[in-house]
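Student: This note's numbering applies: residue 144 is where the sequence shown begins, and numbers increase by one. Glycine residues also receive a C-beta, built at the ideal position from the N, C-alpha and C atoms.
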Amino acid sequence: TNDAGVSLTNFSVHLEGLVIKSRNLGATVFLNLIGPVFYPGKESYPQYNNEILKIAAKYSLPVIDVLSPLRQDPDRYLYDGVHYTPEGSAVVARTVFDNVVQYLDDFGNRK
């Protein structure tokens, strides 16, 4: 959400640059959707998520969808409309873990 102050074009260019650099270093890259934002002036987060999805599709990257579970109960998971409560953080952690573990063998190494 901190990048929501960056223009959509700059966000996209920088994210794509990070993806390219990370892959060139041999990293397994995951992209994470931005969670829900209910804060005046920050309503553009869906556009940023669309850019994340476009870049993920372009590079065949997995996308971790933290948006959907957090959107189910934003009053419970966001304490100020932007930042996660402890319960919201737990939802994000579980969602990320459940996605990343699919790419690991029983010993925690990349498949």
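1) Run through DSSP, which three-state label would I198 get?
2) Is I163 helix, strand or coil when you go by DSSP?
3) Of all the options E230, V206, S203, which has the alpha carbon lying nearest to the alpha carbon of Q215?
4) On the DSSP letters alone, give me the boundaries of the alpha helix (DSSP H) that Y246 sits inside.
5) So does the segment 177 to 190 actually touch the segment 224 to 244, counting three or more Cβ pairs closer than 8 Å?
6) Apart from the five residues on each side of it in sequence, which residues of its chain come closer than 6 Å, Cβ to Cβ, to G169?
7) Would you mind giving the Cβ-Cβ distance between E194 and L158, rounded to the nearest angstrom? I have them listed as a contact below 8 Å.
8) For L210, count the other beta carbons within 10 Å of its own beta carbon; 16 or more makes it buried, fewer makes it exposed. Which is it?
9) Please state whether DSSP places L210 in a helix, a strand or coil.
Tutor: The short version:
1) helix
2) helix
3) E230
4) Looking at the DSSP string, Y246 is not in any alpha helix (DSSP H), and its letter there is neither H nor E.
5) yes
6) Excluding positions up to five away in sequence, the list is empty.
7) 7 Å
8) buried
9) Correct three-state label for L210: helix.
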